[in-house]
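Let me begin by presenting the structure, written as structure tokens, before commenting on it.
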Amino acid sequence: MPDSVPLLLRAVAVSFALVLAVTVAGSTRKARAAMLPMLLCLVGYLIRSAPESAGLALPALLIVHVGALLFPVALWWLVHNAFEDRTDLPWLAWAGLVVLLISGLTAGGVSTSMQKATAAAFVLVALWRIWATRSDDLVDGRRAARGWLLAYAGLHGLVILAVELALGDSPPPSWLDALNQGAIALALGVALAFFVQVDAVALQTLLGDEPPKATSKEEVPSAPSQSPGDCGTNPLVDRLLAAMTVDHVYRDAELSLKGLAHLLAMPEYRLREVINHRLGFRNFPAFINHYRLDEVEQKMVDPAFDRRPLLTLALEAGFGSIGPFNRAFRERHGITPTSFRQQRGATPAAS
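This note's numbering puts the sequence shown at residues 665 to 1015.
Structure (structure tokens):
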């Protein structure tokens, strides 16, 4: 195979990735935060994997090398942000990122093996989260995209990692390099058509609107709302809201979408439509935690509960542990529950 073929396919893939990056850069802040790191890291990987990259100046070579190293992290971040609607960065992810950078920037067989293993771990976790959280996803288009991303990332990403680990420092055959670049260019071309031409609301479907933020840390949360959005009159909505605000079914820490659909005697797909289209939630945990947080916050502004530990309040509202409660509270208010109590001047009991 002529050496120009992989180079041409690589140039096409880089062009597609850059056009996608420009498209995403003009979208919402959430879209930029979720997709730009992956696209830029992909460009770094495409350039770094070219034999010609050895001729780059050291600063440029270092930049594309770090970008290539961090591509698995960027893929995990896309899944974490776009498919799970989470913007936190767990300490384990930070640790993996540091290990990936140190091992990737250090020469030696052990370092290379560690770098590939860590990269594979990020890809595997991303694939697992795509699969494990599918039942909680309330957005039809995003649920469909999970299958395509799972198939592509699983079949392509892991195969590439395995081949790179097997080859070590040896360059891949020309035909294998061309196949890899062609697959990437094809995937980017399909994504570009989807986002730019085929479906004008694709980014909205995948990433949605940014959640409203509190205007001030001193803002006092309101009492639990009967309706998260303007729902109008709908018997299904009324039944659902009654289950949440009258029966308080959210207090069951094991409550699932399937279980709630059974309690309400309605098809699971219809419940998804009601929560997503009528109430505006994009995943089931966010919907349930909305009511759990409202209950806890209502007690937190009531001096009668000042001596009640936060863990007790969280468990009574249905949170399985203090960790998910703290994370949900920070995402809503930008501060921890303890800080919120301290700003109120409360004297809580030790948890």
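Don't be surprised by glycine CBs; every beta carbon is placed ideally from N, CA and C.
Exposure of residue i, with buried meaning 16 or more beta-carbon neighbours within 10 Å
| i | result |
| --- | --- |
| H926 | exposed |
| S668 | exposed |
| Q779 | buried |
| W741 | buried |
| R934 | exposed |
| T770 | exposed |
| Q1006 | exposed |
| A842 | buried |
| R674 | buried |
| R971 | exposed |
| V849 | What sits at residue 849 in the sequence shown is Ala, not Val. By the 10 Å Cβ count, A849 comes out buried. |
| E918 | exposed |
| G893 | Below a pLDDT of 50, predicted positions are generally treated as unreliable, and G893, at 48, falls in that range; the measurement from the model is reported next regardless. It counts as exposed. |
| P1001 | buried |
| D911 | exposed |
| S834 | exposed |
| V884 | Confidence at V884 is low in this model, with a pLDDT of 37, below 50, so its placement is unreliable and no value can be given for it. |
| E716 | exposed |
| S713 | buried |
| A968 | exposed |
| P670 | buried |
| A855 | buried |
| G760 | buried |
| S767 | buried |
| V803 | buried |
| L756 | exposed |
| A950 | buried |
| P876 | Per-residue confidence for P876 stands at a pLDDT of 46, beneath the threshold of 50, marking its modelled position as unreliable; the derived number appears in the next sentence. It counts as exposed. |
| L684 | buried |
| L819 | exposed |
| A978 | buried |
| Q913 | Per the sequence shown, residue 913 should be read as Val rather than Gln. Buried: at least 16 other Cβ atoms inside 10 Å. |
| L706 | buried |
| V862 | For V862, the predicted structure reports a pLDDT of 47, less than 50, and the residue's modelled location is therefore unreliable. A value from the coordinates is still provided. V862 is exposed by the Cβ-count criterion. |
| A695 | buried |
| V728 | buried |
Delimiting residues of the alpha helix (DSSP H) encompassing residue i
| i | result |
| --- | --- |
| E932 | E932 to E937 |
| V676 | S668 to A689 |
| S1003 | P1001 to R1008 |
| E918 | E918 -> no alpha helix (DSSP H), and no H or E assigned at all. |
| P899 | P899 to T909 |
| F993 | I986 to H997 |
| R693 | R693 to R712 |
| E716 | Per DSSP, E716 belongs to no alpha helix (DSSP H) and is neither H nor E. |
| N844 | S838 to L856 |
| R982 | Here residue 982 is Gly; the residue named in the question, Arg, does not match the sequence. It is not in any alpha helix (DSSP H) - G982 carries neither H nor E in the DSSP assignment. |
| A724 | L722 to L733 |
| V965 | Counting along the chain, V965 falls outside any alpha helix (DSSP H), and DSSP gives it neither H nor E. |
| A826 | L822 to L831 |
Beta-carbon proximity check, residue i vs residue j, cutoff 9 Å
| i | j | result |
| --- | --- | --- |
| L739 | F680 | no |
| A851 | L822 | no |
| L765 | L726 | no |
| F983 | N947 | no |
| L682 | L703 | yes |
| R903 | L943 | no |
| A806 | A746 | With the sequence shown as reference, residue 806 is identified as Arg, and Ala is not the correct amino acid for it. For R806 and A746, yes; Cβs fall inside 9 Å. |
| V960 | R1008 | no |
| V688 | F859 | yes |
| R936 | A981 | no |
| G708 | G731 | yes |
| T751 | A790 | no |
| T782 | L829 | no |
| L921 | A907 | no |
| S930 | L900 | Here residue 930 is Met; the residue named in the question, Ser, does not match the sequence. Cβ atoms of M930 and L900: closer than 9 Å. |
| V938 | N990 | no |
| I711 | V743 | no |
| R810 | W795 | yes |
For residue i, the residue or residues it bridges with in DSSP
| i | result |
| --- | --- |
| N947 | D801 |
The ligand NAD heavy atom lying under 8 Å from the CB of residue i
| i | result |
| --- | --- |
| Y955 | The model depicted lacks the ligand NAD and carries no ligand whatsoever. |
> Quick one: complete alpha helix (DSSP H) runs, 4+ long, within the segment 736-795?
Replying inline: 755-768
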